[in-house]
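Chemist: Which chain is which? The protein sequence lines are A and B, in order.
With positions in the first sequence counted from 1, the corresponding number in our numbering is that position plus 1.
With positions in the second sequence counted from 1, the corresponding number in our numbering is that position plus 1.
Glycine is no exception: its CB is placed at the ideal position from the N, C-alpha and C atoms.
Input: one structure, supplied below.
There are 2 protein chains.
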Amino acid sequence: MSETTATTAADLTDPAYAASLDEADPLAHLRDRFAIPDPDLVYLDGNSLGRLPLATRARLGQVIDEEWGRGLVRSWDQWIGLPQRVGDLMAEHLLGARPGEVALSDCTTVNLYKLAVAALDAGPEGGAIITDDDNFPTDRYVLQGIAEREGRELRLLHTDPDEGLDMDRLAAALEAGAVALVSLSHVAYRSGALADMVAVTELVHRAGALVLWDLCHAVGAVPIDLMAAGADLAVGCTYKYVDGGPGAPAFLYVRRELQAELRQPIWGWFGQEDQFEMGPRYRPRAGIERFLTGTPPVPLLAAVEEGVALLAEAGIEALRAKGVALTEYLIGLYEAWLRPLGFSLASPRDPARRGSHVTLHHPLAGLIVQGMAARGVVADLRAPERVRLGPSPLSTSFGEVHRGMTVIRQVAEDLRKERRG
Amino acid sequence: MSETTATTAADLTDPAYAASLDEADPLAHLRDRFAIPDPDLVYLDGNSLGRLPLATRARLGQVIDEEWGRGLVRSWDQWIGLPQRVGDLMAEHLLGARPGEVALSDCTTVNLYKLAVAALDAGPEGGAIITDDDNFPTDRYVLQGIAEREGRELRLLHTDPDEGLDMDRLAAALEAGAVALVSLSHVAYRSGALADMVAVTELVHRAGALVLWDLCHAVGAVPIDLMAAGADLAVGCTYKYVDGGPGAPAFLYVRRELQAELRQPIWGWFGQEDQFEMGPRYRPRAGIERFLTGTPPVPLLAAVEEGVALLAEAGIEALRAKGVALTEYLIGLYEAWLRPLGFSLASPRDPARRGSHVTLHHPLAGLIVQGMAARGVVADLRAPERVRLGPSPLSTSFGEVHRGMTVIRQVAEDLRKERRG
């Protein structure tokens, strides 16, 4: 034990303490449901690409060999309903939405575009768009592109990159002239800051605008209740906590009452009533299906279904509790080991105000992430000076967090010695 | 032998003749490179969903187990260049395009949208859009949606659904006022009629418009030379003759000289210069990459790469020769067996004027396709009265065509007896 740890949180830093947390973890057994070919690897990037569930591997084999290889085009009978079926499963278990409000389609970028254009077309003439300057790049770029082409004002809300959205700034931005659309992330991609969906939605609605949530870093990690919040629109990806695999299709949500009045700009045959009639005029389907475009990536839809089923089995409340426990433990180790080494917290300290990932500042973040990788600890560099650590409530153990933090401490200590030497 | 066949083309209808064609087929051995779990199945729907190549099954196992399961997020180092790498492979072997002119992205519908909007924005103020009334539904719907929102005229060219594009009608449509964009299919989805890419492109350019080709039913079946034709824009899918699997990502082509001046409307992080810098302003990448949007479906990109490699191994000229031979043989059997049973040809008779699929009219087409399916012959119903037959040059044998046509004859004869009985 180093002097630092002995004086601050001796029990927390003891590997036996991590073992006792794993012992008591009601979700611990779910780690065995993942392919973990390299048990020594510490994977703290589940919020970038989730691990491979064993059920997904089996399901993909079935889709490839049997449904595609044997069934061929005849399998479309079962494939055709997947976007809605998986959407309904997400709605029920992860999103607090009603049947027929969620579907899988395209990537997050394209869904953001479709829903943002639809919202602008339905909103007040010339109404502005609001987003925040710490929003995920693709969100900002999509909205910039639309604002530029449509001649709309884009109000960029300044947001603290460590602490998240400032409600007073949002209120002020909403008062600075007619607004059509506010688009924000529920969990910030860098800090993990969790926005108050109920309060933001209420504020936006009072200004007569629609709200479009990006749920990429939230879905599968924190409870979401779109219906209770009265949220209008949402999108998100499925390759982070949902474990759908690299480039798995995104989802979109449109509140039932809005579906008929929104005009989706990309009119494809999967959004068409009587798709196989191949008729002369586009007549959008009645429900969430009008927000579909072209042929979806079938095997990856099936993969998402398996990922959602696993999350549903765990239950989102239990996942949230584990996510809080994992990140609290991680922050405890940071306070004991890393703060004295020049790290500082780049996430809200209060677990109620953050999702399931934690970011640390360090001036040598690039070298630290490199050193971690060389010692089998995978995390994300958010250039230039942030290390992002994303344990997954489904597949990360407390022991894994302990080993990872031990390595970060070693790497930082080694760097310090090198620089001094 | 029935009387009909004995008097018209006895050798053609003899199974031994099919066997001799298979014997002489230089591509025959490639059938063994596909998963064919049910050797009795006659699959004449390769132009809807291609068969599963064995190499693709192995590659998907590698991508799922090793790259995703073991490599996890670290595999993005190798994944990140896939959209361009597979695009370049298609450009070289299938599309007659230069390196950096093709990339894989999104679905065909979304790519059509992106390129059509970009073309309109770059073209003459208020210029019209031309397409044809027999174009694939999603093409017509996308263009209708854009025309309606942008206040553009959509000129719908009347096209014979059996014979394809009429150049005089196209010329007349181009003269009826300023045109910004002409969007057509290279091979028509119903008749298989092959448009003259060189002549059409020249005509469109003379009118000062850009041309956007849909290559879905052409790629992998007929030689395409986008550069020689001076074609501006193209899109297409990869799940038909390219055998990329259900919902494999689409490709897009933008002529090199046009790339810098076109403004793609969906600004995503994969189109951004210095993607992982995550900077404040969207600055589109220099080349074809600016037409990318969000995270691509990695496993299916890998599947497309395997499909393209197999086509490249065969060579597009050999594939075209086999496609012509298969469809000529199929039409020969139609003339011998099916024409007397009330079928008529719904495709150009001249092989130089069609792609690799053939469509037949029959008033009872729905019942016929049903009866075929019950006897293990898979084809497409194009409602209400067309049977579409799409042998794949890579995986369909002449023997398979013979067995398929034998079954169609039996089904039609049985239906005739039932109706008379």
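Could you tell me if D46 of chain B is buried or exposed, where buried requires 16 or more neighbouring beta carbons within 10 angstroms of its beta carbon?
Modeler: Within the second sequence, residue 46 of chain B is the residue found at index 45, counting from 1. Buried, by the Cβ-count rule.
Chemist: When you compare the CB of R389 of chain B with every CB in chain A, is at least one pair closer than 9 angstroms?
Modeler: Mapped onto the second sequence, residue 389 of chain B falls at position 388. Output row for R389 of chain B: interface = no.
Chemist: For H187 of chain A, write down the residues that DSSP places opposite it in a beta bridge.
Modeler: What you label residue 187 of chain A is simply residue 186 of the first sequence in a count that begins at 1. In DSSP, H187 of chain A forms no bridge with anything.
Chemist: Against chain D, with Cβ distances strictly below 9 angstroms, would I147 of chain B count as a contact?
Modeler: In the displayed structure, chain D is absent; the protein chains listed are A and B.
Chemist: Measuring CB to CB, does L342 of chain A end up less than 9 angstroms from P394 of chain A?
Modeler: Start at 1 with the first residue of the first sequence, and residue 342 of chain A comes out as number 341. Start at 1 with the first residue of the first sequence, and residue 394 of chain A comes out as number 393. No.
Chemist: Strictly under 9 angstroms for the Cβ-Cβ distance: is T9 of chain B near chain A by that measure?
Modeler: Walking along the second sequence from the start, residue 9 of chain B turns up at place 8. Bear in mind that the predicted position of T9 of chain B carries a pLDDT of just 45, short of 50, making it unreliable; the figure below should be weighed with that in mind. Chain A contact via Cβ: absent.
Chemist: If contact means a Cβ-Cβ distance below 9 angstroms, which residues of the region 265-280 of chain B contact chain A?
Modeler: Q265, P266, I267, W268, G269, W270, F271, G272, Q273, Q276, F277, E278, M279, G280
Chemist: Around the Cβ of S345 of chain B, are there at least 16 other Cβ atoms within 10 angstroms (buried) or fewer (exposed)?
Modeler: Sequence index remark: in the second sequence, residue 345 of chain B carries index 344 (1-based). With fewer than 16 Cβ atoms within 10 Å of its Cβ, S345 of chain B is classed as exposed.
Chemist: From the DSSP secondary-structure annotation, give me the bridge partner or partners of G165 of chain A.
Modeler: Residue numbering aside, residue 165 of chain A sits at position 164 when the first sequence is read from its first letter. Per DSSP, A:D161.
Chemist: State the Cα-Cα distance for the pair L55 of chain B and L61 of chain B, rounded to the nearest angstrom.
Modeler: For the purposes of this step, residue 55 of chain B is taken as the residue at position 54 of the second sequence. For the purposes of this step, residue 61 of chain B is taken as the residue at position 60 of the second sequence. Approximately 10 angstroms, taken between the alpha carbons.
Chemist: Cβ of Y242 of chain A less than 9 angstroms from any chain B Cβ?
Modeler: Taking the first sequence and counting its residues from 1, the one referred to as residue 242 of chain A is at position 241. No, because no Cβ of chain B sits closer than 9 angstroms to the Cβ of Y242 of chain A.
Chemist: Would you call the CB atoms of E329 of chain A and P349 of chain A closer than 9 angstroms?
Modeler: Locating residue 329 of chain A in the first sequence gives position 328, counting from the first residue. Locating residue 349 of chain A in the first sequence gives position 348, counting from the first residue. Against a cut-off of 9 angstroms, the Cβ pair of P349 of chain A and E329 of chain A comes out as no contact.
Chemist: Since Y254 of chain A is in the beta strand (DSSP E), which residue starts that stretch and which ends it?
Modeler: Here residue 254 of chain A corresponds to residue number 253 of the first sequence, with the count starting at 1. First-last of the beta strand (DSSP E) with Y254 of chain A: 252-255.
Chemist: Which residues mark the beginning and the end of the beta strand (DSSP E) in which R389 of chain A is found?
Modeler: Sequence index remark: in the first sequence, residue 389 of chain A carries index 388 (1-based). Counting along the chain, the beta strand (DSSP E) containing R389 of chain A begins and ends at 387-390.
Chemist: Going along chain A in order, which residues have a C-beta closer than 7 angstroms to the C-beta of V379 of chain B?
Modeler: Against the second sequence, residue 379 of chain B aligns to sequence position 378. Under the 7 angstroms cutoff, chain A gives L73, V74, R75.
Chemist: Would you say R153 of chain A reaches chain B, if we count a Cβ-Cβ gap shorter than 9 angstroms as a contact?
Modeler: Along the first sequence, one-based indexing puts residue 153 of chain A at 152. Not one chain B Cβ lies under 9 angstroms of R153 of chain A.
Chemist: Comparing alpha-carbon positions, which option in A:Q85, A:R34, A:I369, A:I225 lies nearest I317 of chain A?
Modeler: Indexing the first sequence from 1 puts residue 317 of chain A at position 316. Closest option to I317 of chain A, Cα to Cα, is A:I225.
Chemist: Just to check my reading of the structure: G272 of chain A and T294 of chain A have Cβ atoms closer than 8 angstroms, yes? What is that Cβ distance to the nearest angstrom?
Modeler: For the purposes of this step, residue 272 of chain A is taken as the residue at position 271 of the first sequence. For the purposes of this step, residue 294 of chain A is taken as the residue at position 293 of the first sequence. The Cβ separation is near 6 angstroms, so the contact holds.
Chemist: Applying the 10 Å Cβ sphere with the 16-neighbour rule, what's the burial state of K115 of chain A?
Modeler: Locating residue 115 of chain A in the first sequence gives position 114, where the first residue counts as 1. Looking at its Cβ environment, which holds 16 or more other Cβ atoms inside 10 Å, K115 of chain A is buried.
Chemist: Relative to chain A, which residues along the region 396-414 of chain B have a C-beta separation below 7 angstroms, given in chain order?
Modeler: none
Chemist: Cβ of V143 of chain A less than 9 angstroms from any chain B Cβ?
Modeler: Here residue 143 of chain A refers to the residue found at position 142 of the first sequence. With 9 angstroms as the cut-off, V143 of chain A counts as an interface residue toward chain B.
Chemist: Can you name the residues of chain A whose CB is closer than 7 angstroms to the CB of S49 of chain B?
Modeler: What you label residue 49 of chain B is simply residue 48 of the second sequence in a count that begins at 1. Under the 7 angstroms cutoff, chain A gives V74.
Chemist: Would you kindly check if the distance between the Cβ of A380 of chain A and the Cβ of G391 of chain A is under 9 angstroms?
Modeler: By one-based count along the first sequence, residue 391 of chain A stands at place 390. By one-based count along the first sequence, residue 380 of chain A stands at place 379. Against a cut-off of 9 angstroms, the Cβ pair of A380 of chain A and G391 of chain A comes out as a contact.
Chemist: First and last residue of the beta strand (DSSP E) that includes H362 of chain A?
Modeler: Start at 1 with the first residue of the first sequence, and residue 362 of chain A comes out as number 361. Element bounds for H362 of chain A: 359-362.
Chemist: On the premise that Q260 of chain B lies in contact with T237 of chain B, defined as a C-beta separation below 8 angstroms, what is that separation, rounded to the nearest angstrom?
Modeler: For this step, residue 237 of chain B is matched to residue 236 along the second sequence. For this step, residue 260 of chain B is matched to residue 259 along the second sequence. One point to set straight first is that residue 237 of chain B is Gly, not Thr, in the sequence displayed. That pair is no contact at about 18 angstroms.
Chemist: Does any residue of chain A bring its CB to less than 9 angstroms from the CB of Y44 of chain B?
Modeler: Translated into the one-based positions of the second sequence, residue 44 of chain B becomes position 43. It does: the Cβ of Y44 of chain B has a partner Cβ on chain A nearer than 9 angstroms.
Chemist: Rounded to a whole number of angstroms, what is the C-alpha to C-alpha distance between V243 of chain B and D89 of chain B?
Modeler: Position 242 of the second sequence holds residue 243 of chain B. Position 88 of the second sequence holds residue 89 of chain B. Approximately 15 angstroms, taken between the alpha carbons.
Chemist: Does L28 of chain A come out as helix, strand or coil in the three-state DSSP assignment?
Modeler: The residue given as residue 28 of chain A occupies position 27 in the first sequence. It is coil, neither helix nor strand.
Chemist: Name, going along the chain, the residues of the region 102-114 of chain A whose beta-carbon falls closer than 7 angstroms to a beta-carbon of chain B.
Modeler: D107, C108, T109, T110, V111, Y114
Chemist: Taking Cβ-Cβ distances below 7 angstroms as the criterion, which residues of the region 289-307 of chain A are in contact with chain B?
Modeler: For the region 289-307 of chain A, which is checked against every Cβ of chain B, the residues closer than 7 angstroms are T294, G295, T296, P297, P298, V299, P300, L301.
Chemist: In three-state terms, what does DSSP make of Y242 of chain B?
Modeler: Within the second sequence, numbered from 1, the residue matching residue 242 of chain B stands at position 241. Coil at Y242 of chain B, not helix or strand.
Chemist: With respect to the beta strand (DSSP E) encompassing T132 of chain B, which residues constitute its N-terminal and C-terminal limits?
Modeler: The residue given as residue 132 of chain B occupies position 131 in the second sequence. Residues 129-133.
Chemist: Against P247 of chain A, what residues of chain B qualify as contacts under a CB-to-CB distance less than 9 angstroms, listed in chain order?
Modeler: Counting from 1 along the first sequence, the entry for residue 247 of chain A is found at position 246. Within chain B, the residues near P247 of chain A are V64, E68, W69, V74, S76, W77, W80, T296, P297, P298, V299, P300.
Chemist: Taking 9 angstroms as the threshold (beta carbon to beta carbon), is T360 of chain B in contact with chain A?
Modeler: Residue 360 of chain B sits at position 359 when you count from the first residue of the second sequence. So no, T360 of chain B is outside the interface.
Chemist: Based on the DSSP output, what are the partners of Y44 of chain A in its beta bridges?
Modeler: Sequence index remark: in the first sequence, residue 44 of chain A carries index 43 (1-based). Assignment of beta-bridge partners to Y44 of chain A by DSSP yields A:V379.
Chemist: Verify whether the separation of the beta carbon atoms of Y44 of chain B and L73 of chain A is less than 9 angstroms.
Modeler: The count along the second sequence starts at 1 and reaches residue 44 of chain B at position 43. The count along the first sequence starts at 1 and reaches residue 73 of chain A at position 72. Taking 9 angstroms as the Cβ cut-off, Y44 of chain B and L73 of chain A qualify as a contacting pair.
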